[in-house]
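Participant:
Numbering (the working numbering), first residue to last: 250 to 380.
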């Protein structure tokens, strides 16, 4: 289906995403880039993921109230808001950028949300390419 489509996850090192084999069940090229803290993810990192070919990008940070660095997760969310505004200006739909607070102990629902987001991206991008 979407084997040629690239998807990216930019995440805090304290999330356990890279170990989640079920994320790789999505039929696309998945790239996971870890940062020391969600607050270290910059708008330029998000835009770079799109420039390097990602069709959809997820930014993931620690759950609210659990950030090792205080409020890095809140900074990450603000940067996603800024990146969405820039994406809109340059003609990329901001809906292809998502943000998640990742629960440490029970990531099952989160993983399902990410897979649903990526499935939506894949479906729409495959349809776009078929036109």
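Don't be surprised by glycine CBs; every beta carbon is placed ideally from N, CA and C.
All values derive from a computational prediction rather than experimental measurement.
1. Can you tell me where the beta strand (DSSP E) with residue 320 in it begins and where it stops?
2. If residue 328 and residue 292 are in contact, beta carbons under 8 angstroms, what's the gap, nearest whole angstrom?
3. With DSSP as the reference, label residue 304 as helix, strand or coil.
4. Give the straight-line distance between the Cα atoms of residue 314 and residue 371, rounded to the nearest whole angstrom.
5. What residue range does the alpha helix (DSSP H) around residue 378 cover?
6. Comparing C-alpha positions only, which one of 353, 343, 365, 361 sits nearest to residue 332?
7. Look at the alpha carbon of residue 350 and the alpha carbon of residue 316, and state the distance between them as a whole number of angstroms.
8. Please name the residue, chosen from 255, 257, 263, that lies closest to residue 356 on a Cα-to-Cα basis.
9. Pull the bridge partners of residue 309 from the DSSP assignment, please.
10. Compute the Euclidean distance between the alpha carbons of residue 373 and residue 330, then round it to the nearest angstrom.
11. Secondary structure at residue 290, three-state DSSP: helix, strand or coil?
Facilitator: So, from the listed chains and residues:
1. Careful: residue 320 lies outside any beta strand (DSSP E) and carries neither H nor E.
2. About 5 angstroms; that satisfies the 8 angstroms criterion.
3. strand
4. 33 angstroms
5. 357 to 379
6. For residue 332, the nearest C-alpha among the options comes from 343.
7. 10 angstroms
8. 263
9. 260, 349
10. 22 angstroms
11. DSSP places residue 290 in coil when its eight states are reduced to three.
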